[in-house]
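Q: One structure, as structure tokens, below. Some questions next.
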Amino acid sequence: MREIALLFVALLLPFAPGEVAGQDGEDPKVWDTGKGYFRVSYESRLHPLAINRIHAWVFHVETANGDTVNDATISVTGGMPNHNHGLPTSPRMTQSLGEGNYLLEGMRFHMAGLWEITVIIEAGGQQDTVVISLTL
Amino acid sequence: MTPRRRKMFGLLIVAFVALWVWWSYGPRTPATWTSADLSVLRSLSLDSLPALPADPSNAVADDPRAAKFGHRLFFDTRLSANGAVSCATCHQPERQFSDGLPKGRGIGLSGRNTPSIVSTAYSPWLYWDGRRDSQWAQALAPLEDPVEHGGNRMQYVRFIANDPDYRSEYESIFSPIPDFSDAARFPDAAAPIDDSQINAAWQSMSASDRRLVNSVYANMGKAIAAYERLILPGHSHFDDYVGAVLRGDDELSRTILMDEEILGLQLFIDEARCIECHNGPLFTNNEFHNTGILSFPGDLPDRGRIDGVRKVLADPFNCLGDFSDDRNRNCPELSYVRTGIELVGATRTPSLRVLADTAPYARKGQQATLADVLDLYNRGPLAMIGHNEAEELNLSRRELNQLEAFLNTLDAPLATAEEWLKAPK
């Protein structure tokens, strides 16, 4: 009986909710913002993500309860913590795509290595921040 | 000290010196490439270079007729104030389109080193400070620089209009040239440049007449750019080596590069950290970095990109401007350009594929040889203005020599048909 229950759980695992597809070849990722107001995920429109190519990201924003957030303003800064320099561009949110999705244009990375992207989200009178790390 | 001890001491010194000589000059065998290394090598190979990127701001970028017209303009010394300076005066094909001088010399002495134009079609930014955002916008600037060609746009467009050959060539590619014969509307010399008389003449013209002149002038730049797009780097020993390594042909690969060159390549992608900026098949990220290069003797420190950003945004011939052929004004690099204190003293990362004939190096030719450049990076001095991003490397003399040996393996003839590498008949 115990084996059957474990098998049942194992079969259900792939359908576990709450995860959104991230980059190519990486585990799906969702980040909770620092104060816990929002949950954020992103998808690069450049596949696979590569250096020296300007491209767009789509951010998906939900509340902590999983409700999509459609009135958010997103701003982004970033850089390489080991190199003490920032992004080579000034990316901006240019469009709200609906269903909690936002287009951020002007992303580019000009070096391989560890990058940190600081995402600031404002919605419903609340502001919160999350730092997303990625290695190119 | 007894004689026996003296002898022992002497032997010890000899042994120490022998060890040092072996350590410094003895044979070294390069380590085997890891799979991560192979991926990096592939990324640097010219075989990974993507197709020439489109330039939507230039409708004739890939028009062979425009390239032919641009080729003629590029070598024509009549496009100057004294009839003696052409683009090819500084961008000499036999020197991989540079001039071998610390600073360019046209009508007078330029403020900066002449950068090669090889593979600039791949760069979103032109000039050391990136003050232009396309080959065609760049081509227009030296024509009016008082120390380069020293002329003015009114002079140039009238020259094209009055030369039957050029006029017919221009009109077959673009559109009929406006009538510039009315001296009251179109002065002899007019342009928005520092010369007060020529500037005043330009300001006295109507906005619509200025636009007519600017359109023909922009088209001249677009034709020159169509020619410059053909100037591309060729396969080097390094590329042949990477090809052999990726095919797993170790025996062949060892015949292409020597051990010292391979050791230099390993330093390049690892300990020396050159690859951080000199990445991709053109060995440049086309970005702007302050690497602590000292000023040219007697010159104030160069502010670099921080001024370049301001200038490219103000350039009427930029991708977002009225003379861009991109109706959608899809100009992501310019639209999302950054500024900020990091850019003080920063200059564009040059490609390393044209090193052999482009000395002296750096924005003002401060570094006479490759060894000088490597020595500077090895020391990582404080920047005169801004912040030096490059940290000192502390490599040995031997390692610096290995790096230099590797860099020399990038030398190759251009992948451009011979007819384009000399003045047109």
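Line by line, the protein sequences give chains G and F.
Read left to right, the first sequence gives residues 1 to 136 (our numbering).
Read left to right, the second sequence gives residues 1001 to 1425 (our numbering).
For each residue, glycine too, the CB sits at the ideal point set by N, CA and C.
Predicted model only: the values in this text are computed from it and were never measured.
How far does the beta strand (DSSP E) with N101 of chain G in it extend, from its first residue to its last?
A: Where N101 of chain G is concerned, the enclosing beta strand (DSSP E) stretches over N101 to M107.
Q: Leaving aside the five residues before and after P1381 of chain F along the sequence, list all residues of the same chain whose C-beta is less than 6 Å from its C-beta, in chain order.
A: Once the five neighbours on either side are set aside, the close Cβ partners of P1381 of chain F are G1292.
Q: Bridge partners for Q95 of chain G per DSSP, in chain order?
A: DSSP, once it has assigned bridges, lists G:L103 as partnering Q95 of chain G.
Q: Excluding five sequence neighbours on each side, which residues of the same chain lie with their C-beta closer than 7 Å to the C-beta of M80 of chain G?
A: Answer for M80 of chain G: M111, G113, L114 and W115, listed in chain order.
Q: Can you name the residues of chain G whose CB is closer than 9 Å to the CB of V1085 of chain F?
A: Simply none; closest approach about 34 Å.
Q: Spell out a yes or no on whether the segment 1133–1148 of chain F and the segment 1085–1105 of chain F are touching, meaning 3 or more CB-CB pairs, one atom from each, closer than 8 Å.
A: Result yes; three or more Cβ-Cβ pairs closer than 8 Å.
Q: Closer than 8 Å is the cut-off here; do at least three beta carbon pairs connect the segment 1341–1354 of chain F with the segment 1121–1140 of chain F?
A: Output reads yes: the segment 1121–1140 of chain F touches the segment 1341–1354 of chain F.
Q: Return the CA-CA distance between S1208 of chain F and F1323 of chain F, expressed in angstroms with no decimal places.
A: Cα to Cα, S1208 of chain F sits roughly 13 Å from F1323 of chain F.
Q: Any C-beta of chain G sitting closer than 9 Å to the C-beta of I1275 of chain F?
A: So yes, I1275 of chain F belongs to the interface.
Q: As a quick exercise: from G:S41, G:N101, G:H55 and G:V69, pick the residue whose alpha carbon is nearest that of M107 of chain G.
A: Out of G:S41, G:N101, G:H55 and G:V69, G:H55 has the C-alpha closest to the C-alpha of M107 of chain G.
Q: If you draw a straight line from the alpha carbon of T33 of chain G to that of I1269 of chain F, how long is it in whole angstroms?
A: If you take the alpha carbons of T33 of chain G and I1269 of chain F, they lie about 36 Å apart.
Q: Buried or exposed: D1076 of chain F, going by 16 or more other Cβ atoms within 10 Å of its Cβ?
A: By the 10 Å Cβ count, D1076 of chain F comes out buried.
Q: Straight-line CA distance for R1072 of chain F to W1420 of chain F?
A: The straight-line gap from Cα to Cα measures roughly 10 Å.
Q: For G1248 of chain F and F1406 of chain F, I'd like the C-alpha separation in whole angstroms.
A: C-alpha separation (whole angstroms): 20 Å.
Q: So if I threshold CB-CB distances at 8 Å, which residues from the segment 82–105 of chain G count as touching chain F?
A: Within the segment 82–105 of chain G, the qualifying residues are H83, N84, H85, G86, L87, P88, T89, S90, P91, R92 and E105.
Q: Can you name the start and end residues of the alpha helix (DSSP H) that R1042 of chain F belongs to?
A: It spans S1035 to L1044 - the alpha helix (DSSP H) in which R1042 of chain F sits, taken as one unbroken run.
Q: Step through the CB atoms of chain G and report whether any lies within less than 9 Å of the CB of F1323 of chain F.
A: So, not an interface residue.
Q: Does any C-beta atom of chain F lie closer than 9 Å to the C-beta of H47 of chain G?
A: Output row for H47 of chain G: interface = no.
Q: Considering only the alpha carbon of each residue, which of F:H1237, F:G1243 and F:E1271 lies closest to L1257 of chain F?
A: Ranking the options by Cα distance to L1257 of chain F, first place goes to F:H1237.
Q: At a cut-off of 8 Å, is P1301 of chain F close to the ligand PLP when judged by its beta-carbon and the heavy atoms of the ligand?
A: Ligands are entirely absent from the displayed structure, and the ligand PLP is therefore not among its contents.
Q: Compute the beta-carbon to beta-carbon distance between K1364 of chain F and P1187 of chain F, rounded to the nearest angstrom, for a pair I have assumed lies under 8 Å.
A: K1364 of chain F to P1187 of chain F, Cβ: 36 Å. No contact.
Q: Just to make sure I have the definition right: I need the residues of chain F whose C-beta is within less than 9 Å of the C-beta of I51 of chain G. Which are they?
A: Correct list: S1043, N1279, G1280 and N1285.
Q: Would you check if the distance between the CB atom of G1243 of chain F and the CB atom of I51 of chain G is smaller than 9 Å?
A: The answer is no: Cβ separation not under 9 Å.
Q: Residues in the segment 1312–1343 of chain F with C-beta within 9 Å of chain G's C-beta atoms, listed in sequence order?
A: Taking 9 Å as the Cβ-Cβ cut-off against chain G, the residues of the segment 1312–1343 of chain F that qualify are P1332, E1333, S1335, Y1336, V1337, R1338, T1339, G1340 and E1342.
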